[in-house]
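Numbering (the UniProt record's numbering), first residue to last: 1 to 156.
Just so it is clear, CB atoms sit at the ideal spot from N, CA and C, and this is done for glycine as well.
Remember, predicted model here, so these are calculated numbers, not experimental data.
Below is one structure, written out as structure tokens; comments come after it.
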């Protein structure tokens, strides 16, 4: 059987590769020419702007000059204070007062004549350092704890 199969394969017609007769493609190399349109460019010409900014402040520089004062008298909170101050250029002069917790009144007079700040502090009144009255609560001992009796276990 094997010999018959081999003989059949040899007896079969042999086909070769097909022959194509297509012409070979002809390509021409590309040719580039300069573009027909060439934009005309010239550097821009302009003159400097007519507006020239002014960086000067809107308001002229003037030395600071003011005068103010206030008073607070709040009997509910015990807040009593006041202040008064005057300034003309570099010269400042004023004072402030306040009620301290010890019952005195602190008065601070201050000034600055352009060479540094100077303050003079003084007190009016005599301090009262009375401690608030306090009584300790009466001692009440805790009741004795009531425990349940210990359980009795049978002995084995």
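According to DSSP, residues forming a beta bridge with residue 99: The residue labelled residue 99 in the question sits at position 99 within the chain shown. Beta-bridge pairing links residue 99 to 105.
Which residues mark the beginning and the end of the beta strand (DSSP E) in which residue 177 is found? Nothing can be reported for residue 177, as the shown portion of the chain is limited to 1 through 156.
Among all the DSSP beta bridges, which residues are the ones paired with residue 80? Stepping through the chain shown from its first residue, residue 80 is reached at position 80. DSSP, once it has assigned bridges, lists 73 as partnering residue 80.
Hey, how far is the Cα of residue 46 from the Cα of residue 56? Walking along the chain shown from the start, residue 46 turns up at place 46. Walking along the chain shown from the start, residue 56 turns up at place 56. Using only the alpha carbons, I get a separation of about 28 Å.
Return the first residue and the last residue of the beta strand (DSSP E) that residue 123 is part of. What you label residue 123 is simply residue 123 of the chain shown in a count that begins at 1. Per DSSP, the unbroken beta strand (DSSP E) holding residue 123 starts and ends at 117–124.
Own chain partners of residue 64 with C-beta closer than 6 Å, once the 5 adjacent residues on each side are dropped: Within the chain shown, residue 64 is the residue found at index 64, counting from 1. Cβ neighbours of residue 64 within its own chain (closer than 6 Å, five residues either side excluded): 87.
For residue 82, collect the residues of the same chain with a Cβ closer than 6 Å to its Cβ; drop the 5 residues on either side in sequence, then sort them by chain order. Taking the first residue of the chain shown as position 1, residue 82 is located at position 82. Excluding residues within five positions, the ones whose Cβ falls inside 6 Å are 71, 97.
Contact check, residue 91 vs residue 67 under 8 Å by CB: the rounded distance? Within the chain shown, numbered from 1, the residue matching residue 91 stands at position 91. Within the chain shown, numbered from 1, the residue matching residue 67 stands at position 67. Incorrect: roughly 12 Å between the Cβ atoms, too far for contact.
Measure from the alpha carbon of residue 94 to the alpha carbon of each residue in 43, 119, 79, then state which is nearest. Walking along the chain shown from the start, residue 94 turns up at place 94. Answer by Cα proximity: 119.
Residue 126 versus 139, 106, 133, residue with shortest Cα-Cα distance: Taking the first residue of the chain shown as position 1, residue 126 is located at position 126. Of the listed residues, the one whose Cα sits closest to residue 126 is 106.
Going by the CB atoms, is the gap between residue 99 and residue 78 shorter than 9 Å? In the chain shown, counting from the first residue as 1, residue 78 sits at position 78. In the chain shown, counting from the first residue as 1, residue 99 sits at position 99. At the C-beta level, residue 78 and residue 99 come within 9 Å of one another.
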